[in-house]
Amino acid sequence: MPWNPADLALLVLRVARGLELLAALSLFGTLFFVALIAWPHWHAAPALHSRLKHWLHGALALQLLAVVAWLLAQAQLVHSPQGLWHGLLLVGGQTLFGKALLLRSGLFVLAVGMATAPEKLWRIGLAVGLAACALLLQTRLGHTAAATGWRLPALLAIHVLAAGVWLGGLLPLLGLLGHVQGPAQLAVVRRFSLAGRAAVLALAFTASFMAWHWTGGLGGWFGTPYGLTALGKMLGLVLLLGCAAVNHWVFTPRLTTTPDTATRHLRLSIGLESLLGLLVIALAVLLATLPPGAHIQPEWPFAIQPDARAWALPWVPAEFRKLLVLLLVAVLGVAALGWRSTRVAGPVLALGLLWWLPSPNLHYFVQPAHAASFYRSETRYTASAIARGHDLVRQHCLDTCFATRNDPTNLTPYNIWQRSDGDFFDWLTRVFDRIGHSPLAHGTIAGFTDRERWQLVDYFRARVAGAAVQPSNRWPYAVPAPALSLQCHDPQLRQLGDLRGQLVHVVAVGNQQPAPAAIPALPGVRLTTVLLFNEDTATAPPPHTCHTTQPDAWTAWAIAGGRTPETLAGTAFLMDPQGWLRLRLLPEDGPSRPTSALPLEQAIGFILENPLPASTVGGHSGH
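What the sequence shown shows, in the numbering used here, is residues 352 to 974, in sequence order.
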């Protein structure tokens, strides 16, 4: 099958990115090694001075060629109607990564130029600084360039510098081992081992946090190409850590007793470490060209998934302790292989204990899973999504819909607030649409688009929330409020979610109804009033409040609040600082509705003194 131009350009781009990163790490790592690891003993190996120049010039040439290939491949993928040359100018001169890439090449050229006199430490030190600045531009060349805040760029900066110190320093270390002997050799190896251990810790720490962010959680680890590639990279780092541990604990001490044999073994180990480093770099480049797992829906590959609710069961901690004991025995059995005296007895004893000790019942920790179990909501329980789901139900509804009894639009018997987004989405199509007491004809939901199904998910959740509040005007479990766009006195407050951390008093203001006065300040309580205006209402909101005239807000809050659009006016709601709906205040309740500061204080006190336990929290990830 012939390659099409786009596929070929993507392949060239990935190869070029890998070679460019390899060259960048090598340039920085070599200069760092000379300046901070081997400088006290560098003059003992004058033959390495010329070799250093060859290494640096070769790595620089590779970096420049890779940059050209990268830009050309990216220009091809841009598909500029004015041709490849125009696309190249566009990519190199008008994109963030293109400018960063060209600046990086310029800094590396300056760094190599400063290092042409390796006998002068200040020039080598300046070259290290220039190369470090060039390497730090990696934060502008991948997914992190689009990240908000400083944490992810800072983590990536530490990550690439640590990789440069460790992986970039392997080749110069390998070369130095063949030219320096005795105490000087031992000193260099120990200094590199110290720097390597610090780099390994930095790599492990930063890789874990960045991977968890970009994979989007457990589902992204195992259900997306990005997550599987990240797992491969983490495995590569573990193997590299194993090589470094063998070098430090086994081969380095032998340099004082059997230097020739130890040097040979050490060089072989460093060579293997370098090959593993190439594999890790290749996987890192592949990660940079794949869509992050957090940005796509993960396809869960297993028939089971962890059940977080299991921790609420009183007997589960005992089962977990059994599991910890078995893991401890297994770890000790593997660790026994490191000592000659326990190399046989240790693993045998561990196997015996694993067979004899009681095993935990793992079924307590898992629940059934399907391919869509870790899907994330595309609509995130917004007022618009709830309203569109309501429209879909009304458009396709059977005659039994909205009946006084046994209403099929009320899915309360199915316990849907304890289902995750993905499980509910999967169940809605795979089970409910085929055999459930559905308000729609069986098979109808299967014909909807994914987005329409997510709108149904949000509508059914809101419908159940409205039914749950009816008996006592209190929600018995955690239900998020429908998300809204707001207009507030503070321009930084644009969404209802921006009010998280304070109590929120939501009031529906109907036609020709005056807006309620702002709630008086209560001691020690942060409270904001949000007004839901009917689209036909022209009432001006009072100061120091937020409001919305979003038409779908009225419909969505009527559904989630157990009201109808016709009876919503005058209804108020109280949300706790976690964003959960807690109390409904009806206008027909008369004196029982808190209209003054004292009764409202009592209602607020009830919310603050009775937080919802974690076991009652529903499964909607959009909260």
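Glycine is no exception: its CB is placed at the ideal position from the N, C-alpha and C atoms.
*Which term fits G956, buried or exposed, when burial requires 16 or more other beta carbons within 10 angstroms of its beta carbon?*
exposed
*By Cβ distance, which residues of its chain are closer than 7 Å to L506, with the 5 residues on each side in sequence left out?*
T557, F560, M561
*asked:* Taking the straight line between their C-alpha atoms, what separation do you get for F753 and P759?
replied: 7 Å
*asked:* I'd like the list of long-range same chain contacts for A498, defined as Cβ closer than 7 Å, with 5 residues on each side in sequence excluded.
replied: P504
*Does the distance from the C-beta atom of L527 to that of V539 stay below 9 Å?*
yes
_6 Å Cβ shell around C839 - same chain, five flanking residues per side excluded_ = C897
*For P711, which residues from the same chain have a beta carbon less than 8 Å from its beta carbon, with the 5 sequence-adjacent residues on both sides left out?*
E670, F671, K673, L674, L677
*List the residues that DSSP assigns as beta-bridge partners of I655.*
P719
*Under a three-way DSSP split, which group does L936 fall into?*
strand
_Given a cut-off of 9 Å on the beta-carbon distance, is the pair L447 and A426 in contact?_
no
*Terminal residues of the continuous beta strand (DSSP E) containing V366?*
No beta strand (DSSP E) holds V366; the alpha helix (DSSP H) holding it covers 356-383.
*How many angstroms separate the CA atom of P604 from the CA atom of S544?*
12 Å
_When you compare the CB positions of H721 and W805, do they come within less than 9 Å of one another, or not?_
no
_For G644 and G571, which I take to be in contact (beta-carbon distance under 8 Å), what is that distance rounded to the nearest angstrom?_
3 Å
*Taking the alpha carbon of Y726 as the point to measure from, which residue in T575, F799, G409 has its own alpha carbon closest?*
T575
*Look up V876 in the DSSP assignment and give the residues it is bridged to.*
L873
_CB contact flag (Q414, L378, <9 Å)_ = yes
*How do the segment 681-698 and the segment 730-741 stand: do at least 3 beta-carbon pairs fall below 8 Å, yes or no?*
no
*asked:* If you follow the beta strand (DSSP E) that T899 is in, where does it begin and where does it stop?
replied: 897-899
*Cβ-Cβ distance between A496 and L458 below 9 Å*: no
*S789 classed as buried or exposed, judged by whether at least 16 other C-beta atoms fall within 10 angstroms*: buried
*Would you mind stating whether A832 and A911 have Cβ atoms separated by less than 9 Å?*
yes
*Is DSSP giving W805 helix, strand or coil here?*
helix
*Find the nearest neighbour of P523 within the set I388, R745, F602, R756, judged by alpha-carbon distance.*
I388
*In chain order, what residues of the same chain have a beta carbon less than 7 Å from the beta carbon of Q853, not counting five sequence neighbours either side?*
R877, L878, T879, P928
*Within the segment 637-690, ranges of the alpha helix (DSSP H) (whole runs, at least 4 residues)*: 667-686
*DSSP-derived helix/strand/coil call for V429*: helix
*Use the C-beta contact count for L638: other C-beta atoms within 10 angstroms, 16 or more gives buried, fewer gives exposed.*
buried
_Neighbourhood of V418 by C-beta distance below 7 Å, restricted to the same chain and skipping five residues each side_ = E371, L452, S456
_contact_flag[the segment 768-779, the segment 801-819] where n(CB pairs < 8 Å) is 3 or more_ = yes
*As assigned by DSSP and simplified to three states, the class of R825*: strand
*Reduced DSSP secondary structure (H/G/I, E/B, other) of H530*: coil
*Within its chain, find whatever has a CB closer than 8 Å to the CB of T763; leave out the 5 residues flanking it on each side and keep chain order.*
V815, A818, A819
*Just confirm the distance between the C-beta atoms of V460 and L486, as a whole number of angstroms; I'd bet it's less than 8 Å.*
So it is not a contact: roughly 14 Å between Cβ atoms.
*So what's T733 in DSSP terms, helix, strand or just coil?*
strand
*Considering only C-alpha positions, which residue in the set D611, G628, T900 is nearest to L588?*
G628
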